[in-house]
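610 is the number of the first residue of the sequence shown in this note's numbering; add one for each residue after it. All C-beta atoms in this analysis are idealised placements derived from N, C-alpha and C, irrespective of residue type, glycine included. Note that the coordinates shown come from a computational prediction; the quantities given were computed from them, not determined experimentally. Written out below as structure tokens is the structure these notes cover.
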Amino acid sequence: MKTRILTLLTVLLFSLNAFALSLQDAKMQGKVGEQQNGYLGVVKTSPEVNKLTKRVNDERRSSYQRIAKKNGIPLAEVANLAAKKAISATKKGQFYQNKKGNWVKK
Numbered sequence: 610m611k612t613r614i615l616t617l618l619t620v621l622l623f624s625l626n627a628f629a630l631s632l633q634d635a636k637m638q639g640k641v642g643e644q645q646n647g648y649l650g651v652v653k654t655s656p657e658v659n660k661l662t663k664r665v666n667d668e669r670r671s672s673y674q675r676i677a678k679k680n681g682i683p684l685a686e687v688a689n690l691a692a693k694k695a696i697s698a699t700k701k702g703q704f705y706q707n708k709k710g711n712w713v714k715k
């Protein structure tokens, strides 16, 4: 079951990146990063970055809820699995939040 959930999360993360090149641009420019909670975080704030982050996180939350319901597991568990996947997929030069809550450049 975890393998199926991880596959769904992988598809979700890559589809979110595909729908908006601006997300990849924001990551490469160090404006956003992956958080420990499975959601995108703002590293350098601006109205455009805040809007992008909200849109991505709304979509992630919706997808996490569908996955959790389909598999009968808590939303937090799906988000935690997604966080691990997203942080491990973070590319060199991009940011992620460490367990202490600090932004780290990979």
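Notebook entry, point to check: Which stretch, first to last residue, makes up the beta strand (DSSP E) that contains LYS714?
Noted result: If you look at LYS714, you'll find it in the beta strand (DSSP E) that goes 712-714.
Notebook entry, point to check: Hey, is the segment 633-644 in contact with the segment 652-664, meaning 3+ C-beta pairs nearer than 8 Å?
Noted result: Segments in contact, yes.
Check: Run through DSSP, which three-state label would LYS708 get?
Finding: Of the three classes helix, strand and coil, the one that applies to LYS708 here is coil, per DSSP.
Check: Does DSSP put VAL641 in a helix, a strand or coil?
Finding: The three-state secondary structure of VAL641, taken from DSSP, is strand.
Note to self: My parser needs the beta strand (DSSP E) runs of 3 or more residues fully inside the segment 647-703; what are they?
What the structure shows: Along the segment 647-703, the beta strand (DSSP E) occurs as fully enclosed runs of 3 or more residues at 649-651, listed in sequence order.
Checklist line | Identity of the residue in GLY710, LYS700, ARG669 nearest LYS636 by Cα | finding: It is LYS700.
Next item on the list: Compare the C-alpha of LYS708 against each of GLY681, VAL658, GLY647, LEU684 and name the closest.
Entry: Nearest option by C-alpha distance: GLY647.
Note to self: Do GLN645 and GLN706 have their beta-carbon atoms positioned less than 8 Å apart in this structure?
What the structure shows: Here GLN706 is near GLN645, since their CB atoms are less than 8 Å apart.
Next item on the list: Determine, using beta carbons only, whether TYR673 and VAL687 come nearer to each other than 8 Å.
Entry: Closer than 8 Å, so yes.
Check: In whole angstroms, what separates the C-alpha of ILE614 from that of ASN711?
Finding: The C-alpha of ASN711 is placed about 28 Å away from the C-alpha of ILE614.
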